Ligand SMILES: [Zn+2]
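In the numbering used here, the protein residues as written are 23 to 482.
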């Protein structure tokens with residue numbers, strides 16, 4: 023993405039309701055709007071489980087109203103009907119806010135409490151909204167090389183086979199989710215500042231409040247700079263160019279901001295918020311929905327010799343032991359025996375069973391796409407590694423690769439994971455994982471074998 027040159031600024035004056043504003047063009051993006059929405063939806067579900075949320079109607083409603091007021095003034099050309107906006111207050115002291123692709127936005131209590139007024143909160147939210155509208159997350163992925171795309175798939179797969187998200191979330195930027203997704207370059211930051219300023223003006227806020235909020239945050243710095251500053255680097259002269267843009271914009275009548283004082287009073291009445299570091303030390307926020315099949319740690323019955331045929335949407339069918347339970351999510355489905363899936367040390371783990379799913383392929387070449395996928399899994403599960411050689415095999419009559427992995431089972435001892443990968447007609451990567459503790463592998467091998475051979479793909 024090019025930075026707007028001064029010349030471009032001069033010639034790109036748009037005479038709509040505003041006096042004049044810089045034209046901001048979304049960067050190149052090879053993803054579909056639906057993929058933005060899908061990635062954001064999945065990541066938001068994880069955030070909701072990992073982060074302590076504020077469940078207070080008045081604060082939630084306030085943030086929702088503010089968010090919707092900003093969305094209402096977003097440029098129609100950028101505001102896609104598919105977007106799924108949400109504005110969720112997070113009960114964390116850290117000064118932070120972030121938006122995920124496709125619309126879910128999270129605003130920390132610390133950010134609302136640090137702001138001098140509604141305009142500053144609106145500034146941060148307008149900036150985040152601009153990242154959504156310009157689709158900067160998937161534009162980042164578009165720029166990135168294959169292995170980073172694999173990292174997303176790996177993060178999702180890693181979460182399932184244990185150890186995944188907690189570590190991913192604690193890496194790099196604190197809100198994690200793969201730093202690749204939301205660590206924006208300086209030119210994206212400038213775009214978000216300029217479009218954010220325009221949205222603010224349309225919604226009745228002085229865009230200079232956005233510049234002021236950056237300064238407010240900077241002052242709160244102390245020994246460690248607030249997260250929002252490190253994940254939203256200053257492109258240089260931030261205050262100057264925001265104020266310059268502001269001087270070119272016509273600001274709509276100021277909305278009633280009585281809600282801000284009410285929300286602040288409400289926050290002041292709540293017990294003090296923790297920091298994200300506190301939450302991580304305590305092992306997560308504990309919002310996870312209690313999805314489990316029995317209880318991890320209790321005895322797991324051997325696979326039934328009776329099989330039943332199951333389907334994964336329109337895409338595939340297979341046979342699994344009749345005593346296994348299906349657990350479906352958006353992009354994958356697991357089949358597990360009793361007591362083989364559930365929380366363990368604050369994370370959902372699968373100790374025995376199989377998972378089938380679809381991930382974005384990093385390459386049209388099966389070997390490269392597989393490598394990226396495996397790299398992603400290993401990156402998000404540091405105790406996991408490839409054991410033995412990869413093998414060329416077949417799934418549903420087509421070329422596939424089997425990669426044997428070994429990690430550490432939450433039940434103790436090594437854990438064995440066979441990862442099968444093959445390409446689908448649309449270029450996506452289909453994967454099949456078979457997981458069992460190393461010491462029980464002998465009693466699962468026959469079942470795993472029969473399951474793999476039963477897989478039928480219907481994508482052609
Ligand atoms: Zn930003």
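From the three backbone atoms N, C-alpha and C, an ideal C-beta is built for every residue, glycine too.
Here the structure is a predicted model, which means the values were calculated and not measured.
Fewer than three pairs of CB atoms, one per stretch, sit closer than 8 angstroms, so the stretch 95-111 makes no contact with the stretch 229-240. Sixteen is the threshold: when 16 or more other Cβ atoms of the shown chains lie within 10 Å of the Cβ of residue 58, as they do, the residue is buried.
Residue 340 places its beta carbon less than 9 angstroms from that of residue 473.
In the DSSP secondary-structure assignment, residue 420 is bridged to 417. Distance from the CA atom of residue 90 to the CA atom of residue 126, rounded to whole angstroms, is 12 angstroms. Chain order is used for the residues whose beta-carbon lies nearer than 6 angstroms to a heavy atom of ligand 1, namely 149, 153, 206, 211, 214 and 254. Residue environment: residue 397 is assigned as buried (16 or more neighbouring CB atoms within 10 Å of its CB, all protein chains considered).
Restricting attention to 223, 285 and 97, the CA atom closest to the CA of residue 136 is found in 285.
The beta carbon of residue 85 sits closer than 7 angstroms to the beta carbons of 109, 111 and 129 from its chain, once the five residues preceding and following it are set aside; these are given in chain order.
Residue pairing by DSSP places residue 356 opposite 349 and 377 in a beta bridge. For the pair residue 443 and residue 391, the CB atoms are nearer than the 9 angstroms cut-off. The beta carbon of residue 160 sits closer than 6 angstroms to the beta carbons of 51, 53, 58 and 123 from its chain, once the five residues preceding and following it are set aside; these are given in chain order. Taken atom to atom, the span from the alpha-carbon of residue 319 to that of residue 419 is near 37 angstroms. Judged by DSSP secondary structure, residue 402 falls outside any beta strand (DSSP E) and instead within the alpha helix (DSSP H) spanning 388-402.
Around the C-beta of residue 359, 16 or more other C-beta atoms lie within 10 Å, and the residue is accordingly described as buried. DSSP places residue 235 in the uninterrupted alpha helix (DSSP H) bounded by 230-241. Ranking 372, 382, 79 and 43 by CA distance to the CA of residue 459 puts 372 first. Contact check for residue 119 and residue 150: beta-carbon distance about 6 angstroms, within the 8 angstroms limit, so the pair qualifies. Burial state of residue 471 is exposed, judged by a 10 Å Cβ sphere holding fewer than 16 other Cβ atoms. Boundaries for residue 265: no beta strand (DSSP E) harbours it, while the alpha helix (DSSP H) harbouring it runs 260-270, taken from the DSSP string. A distance below 9 angstroms separates the beta carbons of residue 384 and residue 451.
Between residue 156 and residue 213, the C-beta gap is smaller than 9 angstroms, which places the two residues in contact.
For residue 51, there is no enclosing beta strand (DSSP E), since its DSSP letter is neither H nor E. Following the DSSP letters along the chain, one finds residue 223 inside the alpha helix (DSSP H) bounded by residues 208-225.
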